[in-house]
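In what follows, a structure is listed as C-alpha cells, so that the remarks can point back to it.
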Amino acid sequence: MTTTTPAHTAGRFVGQSVTRKEDPRLVTGHGRYVDDVTVPGMLHAAFVRSDVARGRITRLDVDAARALDGVHAVLTARELNGRPAGPMVPSMFADGTNGPSAPVRPLAADDVRFVGDPIVLVVAESRYVAEDACALVEVDYEPLTPVVDFERAAADTENLVHPELGSNVATTMATPPDAALDDALANAAHVVTQTFVQHRQTPTPMETRGVVADWNAHAGELRVWMSSQNPHEVRRTCARILGITENRVRVMQQDVGGGFGQKYFMPRDEMTVVLTSHLLGRPVKWIEDRRENLLASNHARTDRVTATIGVDGDGRIVGARVDHLEDAGAYANGGTGGTGIFVAMMFPGPYRIPRIGWSTTAVWTNTCGRGAYRGPWMMETVAREQMMDAVARTIGMDPLELRRRNVIGRDELPYATATGMVYDNVSPAETLEQAVALAGYDDFRAEQARARGEGRNLGIGIGLYIEPQTGMGALGVEAANVRVEPDGTVNVFVGSGSHGQSLETTVAQVVAEHLGVHVDDVVVHQGDTEVAPFGGGTGGSRSAPILSSAARQAALDVREKVVAIAAHMMEAAPDDLDVEDGRISVRGTPSRAITLADVARVAYATSDALPPGTQPGLEVVARFKAPPVMYSNACHVCTCNLDVDTGHVTLTRYVVSEDCGVMINPMVVEGQIAGGVVQGIGGTLYEHVVYDDEGNPLTTTFLDYLLPTAVEVPTIEYGHVETPAATPGGHKGMGEGGAIGSVPAVFNAVADALAPFGVQPTRQPLGPSEIVALLDATRD
Amino acid sequence: MIEGTALDVTMTVNGERRRAHVDARKTLADFLREDCALTGTHLGCEHGVCGACTVLVDGAAVRSCLMFAVQADGADVTTIEGIAEPDGELSTVQAAFRDAHGLQCGFCTPGFVVSVTAFLRDNPHPTDAEIREALSGNLCRCTGYQGIIKAVHLAAERVAERNAGAGAGVTA
C-alpha cells in the first residue's frame, strides 16, 4: 500500500493516526446496538407488507392473527392512520417550503403503492410469535397497472402512483433559454451528446434499521432507542408526530451499524412504531430483517442524465447542457429523496465550463422510495466523468490530456462556476497529477498497447471531482460542550451521530490538541439528546469541518479559563503559561507547574480562590456556523483487466489522491476513502436492485443483491494533497467522496478496455452479462 | 403461541455450562443473544450470507443464524465475548483489528474476528490470496476490507514473531 503524506506539520494529536477509542468494546462484542436494548415489558413488532406494486385492498382479515396466543395487538390503518399529529416527513420538509413530499401515512389504507408497503403491524410477546401472526393475516388485492419504469413515469397520466397529487412528476426545474449557450455550442469545433443511466442500488448497512419506542403515559415522556445518524432529528420528528414537546422526548442513539444515508432522517416504519407505543402505552421493539431492508427500506441512485459538451479545436470546453431525471420511488425518504438541483449545480465539477444550461425532474414510481446514499447527488460526477472520456474518444485525445486542458488551476482560485458555486482552497489539478503519477499512467498506456498485441484487454479510468459539504440551514451549525471534571479529566458532549466515522476518537484528538490534555483523558459522548447539545447528526461529510470547529473553539475557550485561573493560583502572567498533558507550567521553568486537576478543584470546590469575577466551573458550550458550502476534492484512477469471453472484470490497481485539508486522523481518512471506493466498485460492477415489469423486487437476499467481498476488491493506494480549508482547523469533509469518484473511475476503466471493440457502454451496472451482451451486439 | 416443541439443552458457552429449555425452532443466534444475554453475536441477514453471527461450535466457525440451539446440545460454543482474556486484554486478532483500522461501525466485526481466529489457528502462515478467500464468507460495508486484510496479515506476523521468540505453538 502506497501512502504519500503531505509535508504539513502535524500536531501532537491532530494529524496523528491515533487508534480508536471505540474499538476495545466493538472488537470484543460489547458494543450496544439497538437490538441489544431490552426494556421491562417490551413487546416485539413485525410488519405485513404488500405483495403487489399497485392495487386496491379488497379484503383485509386480521381475526386469526388477533386470536393467536401471545399477540398483543394487530394494527391496521384504521387504528393508526388517524394518530399522527403532524406530517410524517423529515423536519426540513415538514412545512413544505423545501419541496414536496409523498403523502406518507403509517400503514397502507385502501390501496398499496409498492411491494413492501406496510399494511399491518403485529405486536406480540416475541418476534417469533409476531411473525406467526403476520402469516395468519389475509389480504386480497385488485391489482392495478404499476408505474415501474422511471423513464416512462412522467408521460403516464393514466396510472398515478399518488392519485391525490395528480401527476407522476414530483418536481421539475430548468434554466431559462440561453441564446449565448446555443451560440457557443453551435460554433464549437466538436459537440458530443450522450445519455447515461445509473441503475438502482441500496445502501445496505450491515445493521438493518431498528427502534425501541417506550411511551410512558404517566410521566408524559417518550424514550426512543434507534439506529440513527441523527438523534436530534429523531427527537424533533417524534415530538411532531405525537404532538408533544421536544423536552418530553429522549432519543438515544448508541452504537450504530452503518447508515450511509439510510438512517439520516427518521423513516416511516420507525415513526409507525413510535405511534404504536404511544397507542398501546407499552415499549415496542422493531428490528428490520434483511428482506425488509432490501425491499422496503430506501433505495438509491436510479438516475438518467443526457449531457452535451462542446469543445473548441484545442479540446477546451465552451459550453454544456445537462438534463437530469431521477426516480423518487413511491415514498422517498426526505422530499423526493434525491438531489436533482445539486446534480445540476455540481455538474461543472473541477472543470472550466463557461456556460451551462440544465434541467432536473423527479418522478414517482410504484417502487421502494429513494433516499440518501453516500453522495446522493453523485450522478453529476458519474455523468460528467463518463462524458469527459466520451468527448476525448470523439476528438481523438487522451482523456487525461482533455482533463489537463480543462481542469481549474490553483492560480484561478477563487473560481466561480457557471452554476454559481465559488471554489476556494481546492486542488483538482494537483490531485489529478498526483493520482496519475502514482498509477504510472503513461507506463500503463504502453503496457496496454503491448497487451492488446497479445490479446489481453486492459483499461484505465479516471474520476476527478469536487465534493461539496453543505452548511445550509440547520445543517450549518454544530455544538460541542467541553467540560473539565473535578478530577481534571475531560468530557465532551456533541450533537453528532457517528455510525462508523470514528468521532469518539477524532473529536477527542481535536479537544486534546487545543485544550492541552492527553487524548486518553478525553471521553466523547454523543447520541443521547438528554445530554448532547442540538446538532445536525452525522451525514453529508459535515462532521470534520463543522463539528470539529465547534469542539476546537470550546476547547480553546476552556483552556483560556484554565490559564486565567492557573495564573491567579501561581501568581504568574497568563501569557507565560503552557498547558500540556494536563499540566500548566511556566514557560522556561517547567518545574513550576500545577495540574489541570488542581485548577478544576479550585473551579468547582473552592471557588472563593478563583480570580475575582470568575464564574465557578470549567465548562464551555461553543457553536460553529459553517459557510453555506465547503469543498474538498479528489481524483481516482483505476485499472482493469477485461476477459472478453466471460465479461469478467478484474480491478488491478486503484489509486486515490485526496485533498481534505488538514487531516485529523490519516488512518480514519484512508478508512473512509476505502469504504466509499468499495461501495462504488460494488455499485458499478455487482450491486443491482432489480424489479420485474410488474414491480416485483427480484433481489431480496444477499444471494441476489451482491455486495463486494474481500476477493473482488483491489488494494487501494492513497496519496494526499493538503490545502487547508478556511474554517478554523483547516479540515474538510470527505466521507462521501470515495463513493462518488469510484463509479466513473471503474466505469471508464471498463469502457477503455472495451473501446477497441467499438463498444461504448452508457448504462450501469457493468456485470459480466451486460458486458457480453454489449460485445455480442457488435458481432451481429 | 403456535404449538411448539421445547427441548432441554446443555452446552458450554465461553467455558460456562448452560442448561435451558428451548423452543425447537429457536436459532442458536437468538438463544445466545436472548437466553444467554451474549449480544455480541450480531444478525446481519439471517440467511447465512453475511457472517456477522459467526461463532465457534466445537472449534468450527459456523453461522449461528442457520443452526438451531437444540442442534448445539452438548457442544462447546465460543462467541465473540469468549475471545478476549477475562481481564479484557485483547486477543492477537482483536488487537490487530484495532491497530490496522479493521473496523468502523463494528457491526460485522464479531463475525470477522471469530472467523479469522479459526482461520489463523488452522493456517497460521497464510498468503494474501488465502486471506481474501478466507474472508469472503463475511461481509463488511464500511472498510472496503482494506483494514481487515491488513489486520489478518498483522495478526499472522505477530503470532509468527512470538513463536520465533518463544519457540512454542502460540496461536492467534
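From first to last, the protein sequence lines are chains A and B.
Position 283 of the first sequence, counting from 1, maps to 283 under our numbering, and the rest follow consecutively.
To get our numbering, take the position in the second sequence, counting from 1, and add 1000.
We put the CB at the ideal spot given by N, CA and C, even for glycine.
On a predicted model such as this, the values are computed, not experimentally measured, just so you know.
Item, Value
"Contact set for THR145 (chain A): own chain, Cβ-Cβ below 6 angstroms, skip 5 residues either direction", "ASN159"
"DSSP bridge partner residues for LEU43 (chain A) (one or two, in chain order)", "A:VAL284"
"Buried versus exposed call for THR1005 (chain B) [16 or more other C-beta atoms within 10 Å across all chains shown]", "exposed"
"Runs of beta strand (DSSP E) lying entirely within the segment 167-231 of chain A, each at least 3 residues, in chain order", "169-174, 190-201, 210-216, 221-226"
"Listed by chain order, chain B residues near GLY315 (chain A) by CB distance under 7 angstroms", "Near GLY315 (chain A) there are no residues of chain B at all, since even the closest Cβ is about 34 angstroms away, more than 7 angstroms."
"Any chain A beta carbon closer than 8 angstroms to GLN1071 (chain B)", "no"
"Selected residue, minimal CA-CA separation from CYS1142 (chain B), among A:VAL490, A:ARG374, A:VAL422, A:GLU485", "A:ARG374"
"Own chain, CB closer than 8 angstroms to VAL1049 (chain B), minus 5 neighbours either side, in chain order", "LEU1139"
"Distance cut-off 7 angstroms: PRO627 (chain A) Cβ against heavy atoms of the ligand MN", "The ligand MN is not among the ligands present in this structure, which contains no ligands whatsoever."
"Reduced DSSP category for TYR331 (chain A) - H, G, I as helix; E, B as strand; rest coil", "coil"
"Contacts around ALA188 (chain A), its chain only, beta-carbon distance under 8 angstroms, and the 5 residues preceding and following it disregarded", "GLY310, VAL311, ASP312, VAL318, GLY319"
"Distance CB(THR195 (chain A))-CB(THR762 (chain A)) smaller than 8 angstroms", "yes"
"Alpha-carbon spacing of PRO616 (chain A) relative to HIS568 (chain A), whole angstroms", "14 angstroms"
"Partner residues on chain A for GLY1040 (chain B), Cβ-Cβ distance less than 8 angstroms", "THR28, GLY29, HIS30, GLY31"
"CB contact check: LEU1066 (chain B) to chain A, cutoff 8 angstroms", "no"
"Residue-chain proximity (THR1143 (chain B), chain A), Cβ-Cβ < 8 angstroms", "yes"
"CB contact check: PHE702 (chain A) to chain B, cutoff 8 angstroms", "yes"
"Under 9 angstroms by beta carbon: chain A residues contacting ASP1008 (chain B)", "Simply none; closest approach about 19 angstroms."
"Contact list for the segment 482-516 of chain A against chain B, Cβ threshold 8 angstroms", "HIS499, GLY500, GLN501, SER502"
"Pairwise C-alpha distance: VAL1062 (chain B) and ASN1163 (chain B)", "28 angstroms"
"Status (buried if at least 16 other CB within 10 Å, exposed otherwise) for ARG49 (chain A)", "buried"
"C-beta neighbour in chain B for ARG54 (chain A), strict 8 angstroms", "no"
"Every unbroken alpha helix (DSSP H) within the segment 719-746 of chain A, with a cutoff of 4 residues, ordered by chain", "none"
"Chain-ordered chain B contacts of LEU707 (chain A) [CB-CB under 8 angstroms]", "LEU1139, ARG1141"
"Within-8 angstroms CB hit, ASP1122 (chain B) to chain A", "no"
"Chain A contact for PRO1086 (chain B) (CB, 8 angstroms cutoff)", "no"
"VAL422 (chain A) burial status per 10 Å Cβ neighbour count (16 or more: buried)", "exposed"
"GLY1165 (chain B) in three-state terms, based on DSSP", "helix"
"Within-8 angstroms CB hit, GLY952 (chain B) to chain A", "Coverage of chain B is limited to positions 1001 through 1172, which leaves residue 952 (chain B) absent and any answer about it impossible."
"Check whether VAL407 (chain A) and ASP659 (chain A) have beta carbons under 8 angstroms apart", "no"
"Proximity test, Cβ basis, 8 angstroms: SER769 (chain A) and chain B", "no"
"Whole runs of the beta strand (DSSP E) within the segment 487-542 of chain A, excluding any shorter than 3 residues", "490-494, 522-526"
"Close Cβ partners of GLN386 (chain A) (< 8 angstroms) along its chain, the five nearest in sequence each way excluded", "GLN194, PHE196, PRO744, PHE747, ASN748, ALA751, THR762"
"Within 7 angstroms of chain B by C-beta, residues of the segment 290-310 of chain A in sequence order", "ARG290"
"Simplified DSSP assignment, three categories, for MET569 (chain A)", "helix"
"Residues of its chain near THR699 (chain A), where Cβ-Cβ distance is below 8 angstroms and the 5 sequence neighbours each way are ignored", "LEU294, HIS688, VAL689, VAL690, TYR705"
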